[in-house]
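163 is the number of the first residue of the sequence shown in my numbering; add one for each residue after it.
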Amino acid sequence: MIDSENWAGLDVDVKGHIYEGLLARNAEDVRGGAGQYFTPRPVIRAIVKVMRPDPTMHISDPACGTGGFLLAAYDYLVKSNPDLDRRAQRFINEEALHGIDIVPSVTRLCAMNLYLHGLGGIDKTIVETKDSLAKQPAVADMVLTNPPFGKKSSITVINDEGKRETEKIYYERQEFWATTSNKQLNFVQNVYSMLKETGTAAVVVPDNVLFEAGAGEKIRRRLLMSCDVHTLLRLPTGIWYSPGVKANVLFFDKKPASKSPQTKELWVYDLRTNQNFTLRQNPIADDDLKDFVQCYQTLKRAKRKESERFKRFTYDELMARDKANLDIFWLKDDSLADTDNLPKPAILAAEIIEDLEAALAEFSAVEEELKA
163 MIDSENWAGL
173 DVDVKGHIYE
183 GLLARNAEDV
193 RGGAGQYFTP
203 RPVIRAIVKV
213 MRPDPTMHIS
223 DPACGTGGFL
233 LAAYDYLVKS
243 NPDLDRRAQR
253 FINEEALHGI
263 DIVPSVTRLC
273 AMNLYLHGLG
283 GIDKTIVETK
293 DSLAKQPAVA
303 DMVLTNPPFG
313 KKSSITVIND
323 EGKRETEKIY
333 YERQEFWATT
343 SNKQLNFVQN
353 VYSMLKETGT
363 AAVVVPDNVL
373 FEAGAGEKIR
383 RRLLMSCDVH
393 TLLRLPTGIW
403 YSPGVKANVL
413 FFDKKPASKS
423 PQTKELWVYD
433 LRTNQNFTLR
443 QNPIADDDLK
453 DFVQCYQTLK
463 RAKRKESERF
473 KRFTYDELMA
483 RDKANLDIFW
493 LKDDSLADTD
503 NLPKPAILAA
513 EIIEDLEAAL
523 AEFSAVEEEL
533 KA
């Protein structure tokens, strides 16, 4: 079947779509661990839609995985600007986008994904393999990223040639506000340092970034002071290939140095409370994020209005919270009220089945390693 197909005659969009489908299937393989590099595409598309990248921007992802954010940004740029001249189109295809990932095999997946969508080429490297936290990457107008979750007691520092250099417990970056071994906090600091003075960012972060004490509190306070941290999207559970992940999207604009806080108010959209998604039975879709996109008011944030799921918190209110905790929620969780308000049995059953399948796959992987 494969040999009989004229692949050279297919449009790049068709080949790219096929490859994206293969990456999604690969992400389902728990034993391979590929799911950690695959961000749900509806979430990516919603983020890019509200960020509205411009065809003159340099857009970067310092933890690019299989290239979801870069491809979504490219797709948005092309569809939103159909009358681009040849020079602008070449800039978008070869220079506007840049990605970094620390895992060589994932970088190869990303490079192929980009190439099959008509991006890059033999002499144009859009994605590279290195540790983006080791030193400050090139500056960008916009950063869109979902850094890896989890903690490590030590950090492997990778040099520019992609080789392991040293083992440390933290990164030594003079421009960082705090020294910590927490990767997610380091990525938040790294994104800030990557942005131009008027740059913008959307960063997927786990819950601990919003409430962790010590370095976490210091970084949150500095971020609120130095940037306009204007929006927080609380993502639902059940949308990730790693079960139990609780994540958010933090949107902020870098501003010039000032003695007064750059953040005036933070708007929080709660897409988590009383929302039930699973990867197979009830996957998250573009329609599930439509209300968030409408509430975001990209072009006129001053006209935002509060709703049941969208609330405004002033800078003073944020500072009054213990340790500048940004893990804010107000909706009543029906599942915690009483047993009569539990999710539907079909949803519970689907979640249990997915957890069991993931556990069995992990046991199988251990068994295979022992045999080897």
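Glycine included, each C-beta is placed from N, C-alpha and C at the ideal position.
So for residue i, helix, strand or coil by DSSP?
| i | result |
| --- | --- |
| LYS473 | strand |
| VAL265 | coil |
| PRO423 | coil |
| GLU479 | helix |
| ILE490 | coil |
| ASP450 | helix |
| TYR431 | strand |
| ASN344 | coil |
| GLY376 | coil |
| GLU256 | helix |
| ILE514 | helix |
| ALA363 | strand |
| PRO398 | coil |
| PHE338 | coil |
| PHE413 | strand |
| LEU461 | coil |
| GLN391 | The sequence given here places Val at residue 391; Gln does not occur at that position. Note: VAL391 maps to strand in three-state DSSP. |
| LYS358 | strand |
| ILE507 | Strictly speaking, residue 507 in this sequence is Pro, with Ile absent from that position. The answer is helix: DSSP assigns PRO507 an H, G or I state. |
Can you list, in chain order, the residues of its chain with a C-beta nearer than 6 Å to that of residue i? Leave out the 5 residues immediately preceding and following it.
| i | result |
| --- | --- |
| LEU425 | Note that residue 425 is Thr in the sequence shown here, rather than Leu. Counting only Cβ-Cβ distances below 6 Å, and skipping sequence neighbours, we find LEU386, ASP390, VAL391 and TYR477. |
| VAL367 | GLN346, ASN410 and LEU412 |
| THR362 | MET304 and ASP415 |
| GLN437 | PRO398 |
| THR201 | GLY230 and ASN308 |
| GLY282 | LEU276 and ILE288 |
| THR383 | Sequence inspection shows Arg at residue 383; the Thr mentioned does not correspond to that position. Once the five neighbours on either side are set aside, the close Cβ partners of ARG383 are ALA486. |
| PHE475 | LEU428 |
| LYS465 | GLN459 |
| PHE373 | ASN487 and ASP489 |
| GLU256 | LYS286 |
| ALA512 | THR440 and GLN443 |
Go through its chain and collect everything with a Cβ distance to residue i's Cβ below 7 Å, but skip five positions before and after it.
| i | result |
| --- | --- |
| ARG207 | ALA234 and ASP448 |
| ASN352 | PRO224, SER294 and LEU295 |
| VAL212 | VAL455, TYR458 and THR460 |
| PHE472 | TRP429, TYR431 and CYS457 |
| ILE381 | TRP339, ALA340, LEU347, VAL350 and GLN351 |
| VAL371 | GLN346, LEU347, VAL350 and GLY378 |
| ALA119 | Here the chain covers residues 163 to 534 and nothing more, so residue 119 does not appear. |
| THR435 | PHE491, LEU493 and ASP495 |
| PRO215 | ILE221, ALA235, TYR238, LEU239 and MET304 |
| GLY195 | Because the pLDDT at GLY195 is just 48, under 50, the model does not fix this residue reliably, and the point stays unresolved. |
Report back the beta-carbon spacing between residue i and residue j to the nearest angstrom; my notes put them in contact at under 8 Å.
| i | j | result |
| --- | --- | --- |
| LEU306 | PHE414 | The pair is not a contact, with the Cβ atoms about 12 Å apart (cut-off 8 Å). |
| PRO299 | SER422 | The Cβ separation is near 29 Å, so there is no contact. |
| LEU488 | LEU394 | 6 Å |
| LEU451 | VAL205 | 7 Å |
| ASP453 | LYS408 | The pair is not a contact, with the Cβ atoms about 20 Å apart (cut-off 8 Å). |
| ALA258 | HIS220 | 6 Å |
| ILE490 | PHE439 | That pair is no contact at about 21 Å. |
| PRO120 | GLU359 | Residue numbering for the chain in the displayed model covers 163 to 534; residue 120 lies beyond these limits and cannot be assessed. |
| SER355 | GLU337 | 5 Å |
Please return the same chain residues whose Cβ sits closer than 8 Å to the Cβ of residue i, not counting the five positions on each side in sequence.
| i | result |
| --- | --- |
| ILE254 | PRO217, TYR236, LEU239, VAL240 and LEU246 |
| CYS272 | CYS226, GLY227, THR228, GLY229, LEU232, GLY261, ASP263 and VAL289 |
| TRP492 | ASP432 and LYS473 |
| ALA375 | LYS485 |
| LYS297 | ARG335 |
Check whether chain B comes within 8 Å of residue i, counting only Cβ atoms and requiring the distance to be less than that.
| i | result |
| --- | --- |
| PHE525 | Looking at the structure shown, chain B is missing, and only one protein chain is on hand. |
Can you tell me whether residue i sits near the ligand PLP, meaning its C-beta is under 7 Å from at least one heavy atom of the ligand?
| i | result |
| --- | --- |
| THR218 | Looking for the ligand PLP in the displayed structure turns up nothing, as the structure carries no ligands at all. |
> Is it a yes or a no for the region 439-449 touching the region 386-396, going by three-plus beta-carbon pairs under 8 Å?
Replying inline: no
> Three or more C-beta pairs closer than 8 Å, one from the region 255-266 and one from the region 284-296: is that the case here?
Replying inline: yes
>> Quick check on the DSSP output: what are the complete beta strand (DSSP E) runs of length 3 or more inside the region 275-315, in order along the chain?
In response: 289-291 and 302-307
>> Within 8 Å, do at least three Cβ pairs link the region 266-276 to the region 221-231?
In response: yes
> Taking one C-beta from the region 421-436 and one from the region 472-489 each time, how about it: are there three or more such pairs within less than 8 Å?
Replying inline: yes
>> My parser needs the alpha helix (DSSP H) runs of 4 or more residues fully inside the region 203-239; what are they?
In response: 203-213
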